[in-house]
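Inspection log for the structure reproduced underneath, given as structure tokens.
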Amino acid sequence: MMADGPHGIRKQIESTDTVGAFGSVKATAFPTASLLACSFDRDLIRLMGKHLAIEAKANEVNMILGPGINMKRSPLCGRNFEYFSEDPYLAGELASSYVRAIEDEGIGTSVKHFFCNNQEKRRFTIDSIVDERALREIYLKAFERVIKEKPASVMASYNKINGFYAVESPILKSILRNEWKYEGIVVSDWG
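Residue numbering for the sequence shown follows my numbering, beginning at -6 and increasing consecutively.
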């Protein structure tokens, strides 16, 4: 069973509507990633991750869909609250603490949204044209750090990057698998 995260277990009660708006199990609502990042406190994030894992186990959830580690490139991105920072180093370090704490408790994480997913408008059809340097220094840097923690899953984004949808991008093989040696599963986003 998977539950959307990353700020609390959002598991739907089976008899509820499809989005869970009228029936989700009770769970702690942890602070958003953007607020947690203000602390610069890896230990705090590890503690939160441990408690997320405890709640996941109590609710028979074996994978949390999070953390979201996209870069805050525009203040207009409707999901900036889910992301740690506009700084790839900070985002990578804090997300790594989150992933390690949860995975150490036997619960999987799904790091999202791989990659260049920085806007909501037209996110199903937009083609982000990004040069190699910006890709590596900005958009992939946090993911590169988190992959060292061996998350169970990486969730690909909806958008295209340099002409390829993220789920079919050659970067999944060339960088994620071959260069970073990621051995987990890659899943598509859904909605």
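The beta carbon of each residue, even a glycine, is placed where N, CA and C say it ideally should be.
Rounded to whole angstroms, the Cβ separation of V147 and V104 is 5 Å, and the two are in contact under 8 Å. Sequence-distant partners of P144 (beyond 5 residues in either direction) whose C-beta falls short of 8 Å from its own C-beta, in its chain, are V92, E96, G101, T102, S103, V104, G177. Along the length of the segment 71 to 140, whole alpha helix (DSSP H) runs at least 4 residues long occupy 81 to 97, 134 to 140, reported in chain order. Listed in chain order, the non-local C-beta contacts of E113 below 6 Å within the same chain comprise G71, local neighbours out to five positions each way being set aside. The beta-carbon separation of S181 and A149, rounded to 5 Å, stays under the 8 Å limit for a contact. Annotation: the continuous beta strand (DSSP E) that includes M148 extends over 146 to 149.
Taking N63 as the centre and dropping the five residues before and after it, the same chain places the C-beta of Y76, H106, N110, N111 closer than 7 Å to its C-beta, in chain order. DSSP places I6 in the coil class of the three-state scheme, outside both helix and strand.
When DSSP states are grouped into helix, strand and coil, L58 belongs to the strand group.
Note that the C-beta distance between L87 and A26 is below 9 Å.
Per DSSP, reduced to three states, the secondary structure at S17 is strand. DSSP, read as helix, strand or coil, puts K50 in helix.
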